[in-house]
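Residue numbers (my numbering): 31 to 289.
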Ligand SMILES: [Zn+2]
Ligand SMILES: [Zn+2]
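Now the structure itself:
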C-alpha cells in the first residue's frame, strides 16, 4: 500500500511554488501527499492561503503574522485576522512565535505580537502554529499560561533539543519535523525523533525552504515530505507505512482536518 502523508507546513503562495502550482500539487499527489497546510506569514499571505484553500480540496490554510514581521497589532489588523480565521478551511493561527536568531524585530515587540495572536487562537478555539528559533525559553514561559486553552499547539520546524521537546510535550504540543532531519549533522533532531511519543510527531516541508537530502540547496516542495518520513522511519527503526499512518492521523487531530 502506498504511504499517505500530510505536509503540515508549506508556503504555497511563495513564487517558487505558486508559479506552477498545478505541477507542484500533481507531484505531491503522486508522492502520496494527500493534504497540505499552507501557512500565512502576514495579512497578504494569509489572504492568499485562504484563497488557495478555497480553490483546492486538499489544501488547508493558517492565518497569522510571523515574528519577522512582528509589530503591535492594532484593532484593524486583529479584525482582519479574525475575519480571515473564520474561513471554513482555516485550521490554525500561525505561523506566530519568536525568532531571536534573525532578530528582525525588537524582542519585546515579537513577544507582544505573539501573545496577542495566541490569545486570538484561544478565543477562536483554533490550533496555533509556532515558529521558534533560539527563543525556546521565552517561548515556553510566554505560552505556558495559554497551553490549556489552545485547541492544539504545533512547534513547526522543531529545532530544540530533547529537554525543550520534553517541556513542549508536557504542555500538550505536537512537534513537526522538517527536511533538515535528513542532514547528517542533525544529531539533536535525531534524538528528538527517536524519543518523541509517536502520537505527537508531525512532518512538514516548510517549502520552498529547507529541502531534504537529496534536494538540499534546491527549492523544496510538498512531494519531498516523503524523504522526511523515510528518514524518521529509519531513525525509529520502523516501516515507512507506520510513520505515514501515525503522522497523518496526528495531523488530522492537530489541525482538525477531516478524514
Ligand atoms: Zn517558520
Ligand atoms: Zn514557515
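Think of the CB as a built atom: it goes at the ideal place given N, C-alpha and C, for glycine as much as any other residue. On a predicted model such as this, the values are computed, not experimentally measured, just so you know.
{"Check": "Mind checking residue 90: buried by the 16 CB within 10 Å criterion, or exposed?", "Outcome": "buried"}
{"Check": "Assign residue 104 to one of two classes, buried (16 or more other C-beta atoms within 10 Å of its C-beta) or exposed (fewer than that).", "Outcome": "exposed"}
{"Check": "How many angstroms separate the CA atom of residue 100 from the CA atom of residue 269?", "Outcome": "41 Å"}
{"Check": "Since residue 183 and residue 157 should fall inside the 8 Å C-beta cutoff, what is the C-beta to C-beta distance between them, to a whole number of angstroms?", "Outcome": "7 Å"}
{"Check": "Considering only heavy atoms of ligand 4 and the C-beta of each residue, which residues fall inside 6 Å, strictly closer?", "Outcome": "For the structure depicted, ligand 4 is absent and the ligand set comprises only ligand 1 and ligand 2."}
{"Check": "Does at least one heavy atom of ligand 1 sit under 7 Å from the Cβ of residue 204?", "Outcome": "no"}
{"Check": "Does the separation of the CB atoms of residue 287 and residue 207 fall below 8 Å?", "Outcome": "no"}
{"Check": "Ligand 1 and residue 152: does any heavy atom of the ligand fall closer than 7 Å to the residue's C-beta?", "Outcome": "no"}
{"Check": "Between which two residues does the beta strand (DSSP E) holding residue 127 run?", "Outcome": "120-129"}
{"Check": "Keeping to the same chain, check which residues put their C-beta closer than 7 Å to that of residue 245; ignore five residues upstream and five downstream.", "Outcome": "254"}
{"Check": "Would DSSP call residue 90 helix, strand or coil?", "Outcome": "strand"}
{"Check": "Extract the residue ranges of the beta strand (DSSP E) inside the segment 221-271, only unbroken runs of 3 or more that lie entirely within it.", "Outcome": "231-233"}
{"Check": "With contact counted as at least three CB pairs below 8 Å, one residue from each stretch, are the segment 133-144 and the segment 64-75 in contact?", "Outcome": "no"}
{"Check": "Quick check on the DSSP output: the alpha helix (DSSP H) that includes residue 46 runs from which residue to which?", "Outcome": "45-48"}
{"Check": "Between residue 95 and residue 147, how many whole angstroms is the CB-CB distance? I'm expecting something under 8 Å.", "Outcome": "7 Å"}
{"Check": "CB-CB under 6 Å to residue 117, same chain, minus the five flanking residues each way: which ones, in chain order?", "Outcome": "80"}
{"Check": "CA-CA distance, residue 52 and residue 39?", "Outcome": "18 Å"}
{"Check": "Considering only residues of the same chain and omitting the five flanking positions on each side of residue 248, which have a CB-CB separation below 7 Å?", "Outcome": "241"}
{"Check": "Using 8 Å for Cβ pairs, my map puts residue 274 next to residue 284. What's the rounded Cβ distance?", "Outcome": "Between residue 284 and residue 274 the Cβ distance is about 16 Å, and since that is not below 8 Å, they are no contact."}
{"Check": "How is residue 39 classed by DSSP in three states: helix, strand or coil?", "Outcome": "strand"}
{"Check": "What separation, rounded to the nearest whole angstrom, lies between the Cα atoms of residue 48 and residue 256?", "Outcome": "20 Å"}
{"Check": "Where does residue 201 fall in DSSP's three states?", "Outcome": "coil"}
{"Check": "Ligand 1 heavy atoms versus the CB of residue 143: any closer than 7 Å?", "Outcome": "no"}
{"Check": "Ordered along the chain, which non-local residues of its own chain (more than five positions away) have a Cβ less than 7 Å from that of residue 134?", "Outcome": "98"}
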